[in-house]
Amino acid sequence: MVSFPLPRPMRLALDLAAQAASRGEVPVGAVIMRGDVVIASAANAMCAGADPTAHAEMEAIRAAAAALGAQRLDDCDLYVTLEPCAMCAGAISHARLRRLYYGAEDPKGGAVAHGPRFFVQPTCHHRPELYGGIGEAEAGALLRDFFRDRR
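As numbered in our numbering, residues -13 to 137 make up the sequence shown, in order.
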């Protein structure tokens, strides 16, 4: 089996996820890139902000839109450690992100490869290019360890 180094943005997202876990947040990290430049990065912050919408993707999208002064991020790519849920998939579509790279699949709550498969629905106005399984082993281990330690 050949192993390739992770893309720098996914490495950063995984590091953010690990930091989130150390704060008691579900370990998910997200990074938005424009070319080779990090525009925004975030981790889950639902507990810290008592905000159920403070998923890593949502936080990164808000920060990127603010940094660029634009609601559309059509020349940007999102790297996230977990398959996005329906809320985040909707935000990704509305933000017009160009590409979505994600790590671990989420059979229970994911909405890209599982559940509603948001981006293949006829009502979806924008579909990013999709690349799953990037950093999947490490992202999955972070999540399994986090939830195992809480059981």
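Glycine residues also receive a C-beta, built at the ideal position from the N, C-alpha and C atoms. Everything numeric in this text was worked out from a predicted model, so none of it was measured.
Presumed contact (8 Å Cβ cut-off) between A29 and A3, rounded CB distance: 6 Å
If we count the other Cβ atoms within 10 Å of its Cβ and call it buried at 16 or more, is A125 buried or exposed? buried
CA-CA distance, G10 and A123? So the two alpha carbons sit approximately 21 Å from each other.
Start and end residues, beta strand (DSSP E) containing A29: Start and end: V23 to A29.
Can you check which of these residues, Q57, Y87 and A31, is closest to G119 by C-alpha distance? Distance from the Cα of G119 is smallest, within the candidate group Q57, Y87 and A31, for Y87.
Helix, strand or coil: how does DSSP classify V66 here? strand
Span of the beta strand (DSSP E) holding R85? R85 to A90
Give me the Cβ distance between A81 and I47, rounded to the nearest whole Å; I'm assuming they're in contact under 8 Å. Cβ atoms of A81 and I47 come within 8 Å of each other, at about 5 Å.
Quick check: the Cα distance between A(-1) and V14, rounded to an integer number of angstroms? 8 Å
If you run the structure through DSSP and keep just helix, strand and coil, what is L128? helix
Could you check if T67 is buried or exposed, using at least 16 other CB atoms within 10 Å of its CB as the buried criterion? Residue burial is scored here from C-beta neighbours: T67 has at least 16 other C-beta atoms within 10 angstroms and is therefore classed as buried.
Length of the line joining the Cα atoms of R58 and A51: 7 Å
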